[in-house]
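Residue numbers (my numbering): 183 to 415.
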């Protein structure tokens, strides 16, 4: 939810009207934290003078995704900017120890969820719209003990690159965001004692994304990699 809050703050400053998806934050905490974060996001959207809507949905479930998009269509009538920000990690386990149920949950959330939301939203997107897929440096690197997460992000980058080429004729831009270590709750699932002070903040990622969105439509930041100056943790 921290990334979403940062995006709302930056778009309010930039004067944009809308920047959200039906989200499950990459690094989400418990349900109570998610609900509080969603409420705070909505407050910031409305304070900027824009309309907001909270819809809870599991992006790995087709019916819930379609309901999410249908509700958004009823309220807003179109999707100008789609931010695929849903995601999860898993405990640090080797391939020989990782439960298949965990593998499947991560792939279905991080990869299939991105596909389902994008596919459902595309009919609502016009020329000049933008899709932002929030990935990870794990989309181009390997981290032992994180096979499902790494596989999902590699797959998501391949999906994003293919999507970009398919949508060029429609004038829809596609941006892949590859943040390095970012201070969100995702670390609690596999590295609770991670050195948070060495990480970048979600607000920094949001600022970079908004700067990319503000470019004229004839230009695209196709891949945006942001890492801590300290390097890999």
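Built from N, CA and C at the ideal position, the CB exists for glycine as well. As the structure is a computational prediction, the values presented were derived from the model and not from experiment.
Based on the DSSP secondary-structure assignment, which residues constitute the bridge partners of residue i?
| i | result |
| --- | --- |
| residue 361 | 408 |
| residue 315 | 266 and 358 |
| residue 382 | 364 |
| residue 415 | Bridge partners of residue 415: none, in fact. |
| residue 275 | 328 |
Can the beta-carbon of residue i be found less than 9 angstroms from the beta-carbon of residue j?
| i | j | result |
| --- | --- | --- |
| residue 271 | residue 328 | yes |
| residue 320 | residue 296 | no |
| residue 365 | residue 382 | yes |
| residue 312 | residue 359 | no |
| residue 317 | residue 349 | no |
| residue 390 | residue 406 | yes |
| residue 309 | residue 362 | no |
| residue 258 | residue 235 | yes |
| residue 402 | residue 332 | no |
| residue 368 | residue 387 | no |
| residue 345 | residue 303 | no |
| residue 380 | residue 351 | no |
| residue 260 | residue 306 | yes |
| residue 294 | residue 371 | no |
Between which two residues does the alpha helix (DSSP H) harbouring residue i extend?
| i | result |
| --- | --- |
| residue 399 | Neither: residue 399 is in no alpha helix (DSSP H) and is coded neither H nor E. |
| residue 344 | 329 to 349 |
| residue 283 | 282 to 289 |
| residue 246 | 244 to 258 |
| residue 300 | 295 to 303 |
Counting Cβ pairs closer than 8 angstroms, one from the stretch 277 to 294 and one from the stretch 248 to 261, do we hit at least three? Fewer than three pairs of CB atoms, one per stretch, sit closer than 8 angstroms, so the stretch 277 to 294 makes no contact with the stretch 248 to 261.
So, do the stretch 259 to 276 and the stretch 219 to 227 have three or more beta carbon pairs nearer to each other than 8 angstroms? no
Contact between the stretch 299 to 308 and the stretch 386 to 405 (3+ Cβ pairs under 8 angstroms): The stretch 299 to 308 is not in contact with the stretch 386 to 405.
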